[in-house]
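Everything on this sheet refers to the single structure shown next.
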Amino acid sequence: MNSANISERRRQTRNKVYRALYDSQEPLSKQALALKLDMSLPTIYQNVAELLDMGLIEYTGAQNSSGGRPAMQMRAVANARYAIGVFISIDSLNFALTNLMCGVLAFKEVRHKLPLFGESFNQYFCSQLESFIDENNIERSKLLGVGICLSGIIQPENMLVFYAPPLNLRNVSIKAFIDNIPYPVHVENDANSGGFAEWFNDSSGESIAFLSLAWGVGGATFVNGDKFSGANQRSGEFGHMCIEYNGRPCACGKRGCLEAYCSSSRISSELGMTLEEFFTQLSLGNRELQEIWDDYIKHLAIGVHNIRMALDCRIVIGGEMSSYLVPHMPRLCRMVAACDPFAADCDYVSLAKYSGVGAPLGTALHFVKDFLDFNI
Ligand SMILES: [Zn+2]
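Residues are numbered in our numbering as their position in the sequence shown, beginning at 1, plus a constant of 259.
Printed below as a string of C-alpha cells:
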C-alpha cells in the first residue's frame, strides 16, 4: 500500500471519529467513542488529539460517574468553520451565514439598482460581502466559501448565466464577477439550492422533489442521497411540464406550462399588485381574484400530482409563494388526493422549512457538505 493510500485511510478513520461526535446529540467520552466505533482506545486517543489540534472538537467537561475517575466528554465545535450563501435578484442581495451545524446564523438583505455582473455591481457585491463577514465577526481563515444562487440556468463550467428571464440575462459571463471574490465560490440555480437546504437538513435522508414557486417555477430532485441532474442538467424543470395543451403562454416561449399558471408573477406583477396585496384582497372576498386563485390552485394540484406520479417521493413546496400557501394547504391537499389513484390523502406534500432563506442557505451548505465528507 502506498503512502497516499495510508494517509487516505487515516483520514477516513479520523472522519469516522469526528462524525460520531458530530452526529451525536450528547457529548461523548473517548471510551464511549471506542465502543460506538469498535476501535481500540489508542486509535481513539490519536484521532481525538488530531481533531483537538485542528480545533474541530472540544472538551465539554466531565461525565457524572458513580465511581472511579470521571471521563472527559467531547463534542464537535459548531463554529469551527463557516460558509456564506448569497441569493442575487434583480434588485437585492440576500446573505445567509451558516456554520458546521447547518442552521441560519445570520441573514441580511441589501437593495441595489445596479446592472447585474457589470464592474460596479461586482465591486458593490464584494464590499457588501466583506461587510457581512465583519458584522458577524467571522475569521476569514474559517470561511469555507461563498455560494451564489440566482433564478436562471447556470453553466458553471463556462462561468455563464445561460438564461435567466427574471434577471433579464441571456448568455452573460460571470467570470469577472467570480474572479473578484477572494474566497472559493460555488454558483447554482436558486431552486437547486433551495431544495438542497431542505434535503440536506432533513435527518430522514428520504428522497424529495422540491417544487419552487416564485417568479419562475422550477425545482430539483434529490434521490438516494444525491441530486439527480439528468442528461442536460434539467432534471426538476417542473415549471415547464405541460399541464394545459395550447394553454397560457409561458416565458419559455411554449404554452400551457405549469409556470404559466403557478408563477408568483401571475398573481402579483401581472395584476399590478404585490403578493401581499393579492392575498389581502383575496381574504376580503374579492371575487375576481378568487377566480384567478381557484385556477392557480387547481393547476398547482395537477402539477404536484404529476410530480408524485412520476417520482413517487415526498414533495416539498418552496420559493416565495410557500409562506402564502399555509392557509391554502388543506384545500391543495384535498385536490391532490382527489387525483391520486393510490392514496386517500396527500401527506407526502409539505411546505419548505426554510422558505425565505432556503436558497442562500442551500448554496452555502454545499461547502459544509464537502468539508464534512472530504476535508476532515
Ligand atoms: Zn414554459
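We put the beta carbon where it would ideally sit given N, CA and C, even for glycine.
(request) Using three-state DSSP, classify Gln414 as helix, strand or coil. (result) strand
(message) Between Met333 and chain C, is any beta-carbon pair separated by less than 8 angstroms?
(response) In the structure shown, chain C cannot be found, because there is only a single protein chain.
(request) Indicate whether Ser528 and Ala473 have their beta-carbon atoms separated by less than 8 angstroms. (result) no
(message) Less than 8 angstroms between the beta carbons of Pro610 and Ser581, yes or no?
(response) Correcting the residue identity first, residue 610 is Leu in this sequence and not Pro. Their beta carbons are under 8 angstroms apart, which means Leu610 touches Ser581 by this criterion.
(message) In this structure, how does DSSP classify Asp632 when only helix, strand and coil are distinguished?
(response) helix
(message) Counting C-beta neighbours from all protein chains within 10 Å, is the total for Val608 16 or more, i.e. buried, or is it exposed?
(response) buried
(message) Just verifying my parser: in three-state terms, what is the DSSP assignment at His445?
(response) strand
(request) From the DSSP output, in three-state form, read off Ser466 for me. (result) coil
(request) Give the straight-line distance between the Cα atoms of His625 and Phe633, rounded to the nearest whole angstrom. (result) 12 angstroms
(request) Could you check if Met360 is buried or exposed, using at least 16 other CB atoms within 10 Å of its CB as the buried criterion? (result) exposed
(request) Could you check the C-alpha separation between Ile316 and Leu287 for me, to the nearest Å? (result) 11 angstroms
(message) Which residues does DSSP list as the beta-bridge partners of Asp599?
(response) Asp599 pairs with nothing; no bridge assigned.
(request) Grab the span of the alpha helix (DSSP H) containing Ala490 for me, first residue to last. (result) Here Ala490 belongs to no alpha helix (DSSP H), and DSSP marks it neither H nor E.
(message) Quick check: does the Cβ of His445 come within less than 7 angstroms of any heavy atom belonging to ligand 1?
(response) no
(request) Within its chain, find whatever has a CB closer than 8 angstroms to the CB of Leu534; leave out the 5 residues flanking it on each side and keep chain order. (result) Ser523, Ile526, Ser527, Glu579, Met580 and Tyr583
(request) Please report how far the alpha carbon of Ile576 lies from the alpha carbon of Leu428, in whole angstroms. (result) 26 angstroms
(request) Excluding the 5 residues preceding and the 5 following Phe538 in the sequence, name in chain order all residues of the same chain whose CB lies nearer than 8 angstroms to its CB. (result) Tyr583
(request) Would you list the residues sitting across from Tyr318 in a DSSP beta bridge? (result) Met333
(request) Quick one: give me the first and last residue of the beta strand (DSSP E) that Arg429 is part of. (result) Leu428 to Ser432
(request) Using the Cα positions of Leu296 and Arg273, report the straight-line distance between them to the nearest angstrom. (result) 11 angstroms
(request) Determine the direct distance from the alpha carbon of Leu356 to that of Arg646, and round the result to whole angstroms. (result) As shown, the chain starts at 260 and ends at 635. That puts residue 646 outside it, with no answer to give.
(message) Can you tell me whether Met568 is buried or exposed? The criterion is at least 16 other CB atoms within 10 Å of its CB, across all chains shown.
(response) exposed
(request) Since I believe Thr622 is in contact with Cys385 (beta carbons under 8 angstroms), could you give me their beta-carbon distance rounded to a whole number of angstroms? (result) Their Cβ separation, rounded to whole angstroms, is 17 angstroms, which puts Cys385 and Thr622 out of contact at 8 angstroms.
(message) Considering only their Cβ atoms, is the gap separating Gly478 from Ala456 smaller than 8 angstroms?
(response) no
(request) Would you give the residue range spanned by the beta strand (DSSP E) that Leu403 belongs to? (result) Leu402 to Leu409
(message) Only counting the same chain, and skipping five residues up and downstream in sequence, which positions put a Cβ closer than 6 angstroms to that of Ala335?
(response) Leu280, Tyr281 and Ile316
(message) Measuring straight from C-alpha to C-alpha, what distance separates Ile556 and Asn338?
(response) 42 angstroms
(request) Please report the residue range of the alpha helix (DSSP H) in which Arg546 lies. (result) Arg546 to Leu570
(request) Determine, using beta carbons only, whether Ala342 and Gln332 come nearer to each other than 8 angstroms. (result) no
(message) Using a Cβ-based criterion (distance less than 7 angstroms to any ligand heavy atom), does Cys521 qualify as near ligand 2?
(response) No copy of ligand 2 occurs in the structure displayed; its ligands are ligand 1 alone.
(message) Looking at the secondary structure, which residues open and close the alpha helix (DSSP H) in which Lys372 lies?
(response) Taken as a continuous stretch (DSSP letters only), Lys372 belongs to no alpha helix (DSSP H), as it is neither H nor E.
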